[in-house]
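Each residue of the sequence shown is one higher than the one before, starting from 1 at the first, in UniProt numbering. Using N, Cα and C, we set each Cβ at its ideal position, and we do this for glycine too. Report on the structure given below.
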Amino acid sequence: MTNHNFVTFPIFFTEGLPHGVCNFVFGLGNPVGETLCSHPHVRAISFTGSTRTGTRIAEVAAPMAKKCSLEMGGKNSAIVFPDCDRAKCMRTLLRACFLNQGEICLCTSRVFVHESMYKHFLADFVEETKALKVGPPNEHDSFLGALISKEHLEKVRGYVRLAGEEGGTILTGGLHPVTGLDDQYSLGYYMLPTVIEGLPVSARCMQEEIFGPVVCFAPFSNEQEMLDMVNGVEYGLCASVWTTDVRRVHRIANYIDVGTVWVNCWLVRHLHMPFGGTKMSGLGREGTDASRDFYTEVKTVCVDFNR
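This is the structure:
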């Protein structure tokens with residue numbers, strides 16, 4: 001991604017943007033990020049990344065009264081009711097859980113299904129997950145590619161091990177090796193899409209952002225139980241609700257403590273709508289009006305015309 005940014009960056013100047021208005025600075029958080037965030041000439045900081053880094057930026061910015069827009073981590077939920085369009089829900093949740101190997105802050109990592117349909121829905125989801133191909137992205141039938149690094153792969157695999165220790169049952173995927181890869185890809189950081197059930201809501205795998213192809217399932221019996229589980233995390237980025245009951249949609253959307261609620265869809269957004277999270281998922285909003293307000297200052301000028 002960094003390479004693509006560097007290659008496309010000169011377009012700004014060929015299209016007439018004055019040099020110095022936009023700058024591409026490459027480097028690690030320390031010292032590059034730390035220096036930029038603490039520099040007195042930098043008056044506002046817009047950040048997308050981990051909650052750990054975002055809170056550090058806020059610590060640096062606060063004593064200097066810098067404006068911050070922070071888009072950080074998430075532990076996103078899908079809520080499935082019996083009256084949903086089951087085929088569409090299944091198809092969309094496979095994308096929501098495993099698109100880009102789950103390495104999207106908006107990916108779904110917890111699915112709460114009404115108890116009346118839980119067993120059948122979960123069984124079908126597991127079978128659909130088993131059919132997903134893991135392989136290099138230049139092969140058109142690959143659904144999941146490799147994770148970003150060896151270190152991150154080991155981190156995600158560590159959560160799978162932890163899930164077993166916490167009492168969870170791994171229904172598919174897990175630590176099994178990916179087979180069928182050509183020799184040139186055999187050393188890639190590939191991982192099978194993993195489905196887990198049986199974890200208590202307090203388990204780390206149900207609470208912490210994994211950022212990989214791992215999803216945890218749990219049943220619920222009533223709306224209050226479901227809301228307690230959905231809201232019982234430190235994050236509040238997004239959620240999806242699957243039902244055809246409009247009154248239920250408005251009722252649940254009002255009580256879910258997240259920045260975005262998708263109804264019978266996922267990853268749909270008009271760019272003029274505000275985007276961001278609550279709690280430890282972020283600070284501020286992005287989008288047309290919200291971004292304009294963030295990058296500008298409102299000034300009041302009072303003139304006395306009575307002389």
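Nearest Cα to F112 within the set S281, A87, N138 and F217: F217. Here DSSP, grouped into helix, strand and coil, assigns I148 to coil. Nearest Cα to E208 within the set K150, T179, T288 and M72: M72. Of the candidates C84, G16, A62 and T55, C84 places its Cα closest to the Cα of T244. As DSSP reads the structure, H270 sits in no beta bridge. Per DSSP, K67 lies in no alpha helix (DSSP H) segment; the continuous beta strand (DSSP E) that holds it begins and ends at K67 to E71. Straight-line measurement puts the Cα of G29 at about 31 Å from the Cα of G232.
Between the alpha carbons of G259 and N100 lies a gap of roughly 22 Å. In terms of Cα proximity to G282, the closest of T194, Q224 and I57 is I57. Rounded to the nearest whole angstrom, the CA to CA distance from T8 to P137 is 21 Å.
Using a C-beta cut-off of 8 Å, the region 177-197 makes contact with the region 131-145, since at least three inter-stretch Cβ pairs fall below that distance. Assigned with DSSP and collapsed to three states, L28 falls in coil, not helix or strand.
Residue state for S281 is assigned as coil, using DSSP reduced to three classes. Assigned with DSSP and collapsed to three states, C22 falls in coil, not helix or strand. Shown here for G277: same chain residues with a beta carbon closer than 6 Å to its own, the five before and five after excluded, namely G236, L237 and G259 in chain order. The beta-carbon separation of V214 and V126, rounded to 13 Å, does not stay under the 8 Å limit for a contact.
By the beta-carbon neighbour count (other beta carbons within 10 angstroms, threshold 16), T129 is buried. With contact defined as three or more Cβ pairs closer than 8 Å, the region 76-93 and the region 251-269 are in contact. By the criterion of a C-beta distance shorter than 8 Å, V42 is surrounded in its chain by L36 and K66, once the five residues flanking it on both sides are discounted. Inter-residue distance for G174 and G158 is about 10 Å (C-alpha atoms, whole angstroms). Straight-line spacing of the CA atoms in G27 and F6 works out to 13 Å. For A78 and A163, the gap between their C-alpha atoms comes out near 20 Å. In the same chain as Y295, and ignoring 5 residues on each side of it, the C-beta atoms closer than 7 Å to its own belong to A44, in chain order. Comparing C-alpha distances from D289 to each of V303, H270, K299 and T300 shows the shortest one belongs to H270. Within its own chain, the residues whose Cβ lies closer than 6 Å to the Cβ of G212, once the five positions on either side in sequence are excluded, are G102 and V156, listed in chain order. Counted as a single uninterrupted DSSP element, the stretch harbouring E15 is not any beta strand (DSSP E), since DSSP gives it neither H nor E.
Under the DSSP assignment, T172 falls in the beta strand (DSSP E) whose first and last residues are T169 to T172. For C302, no beta strand (DSSP E) run applies, since DSSP gives it neither H nor E. Secondary structure note for C205: its alpha helix (DSSP H) is the uninterrupted segment R204 to Q207.
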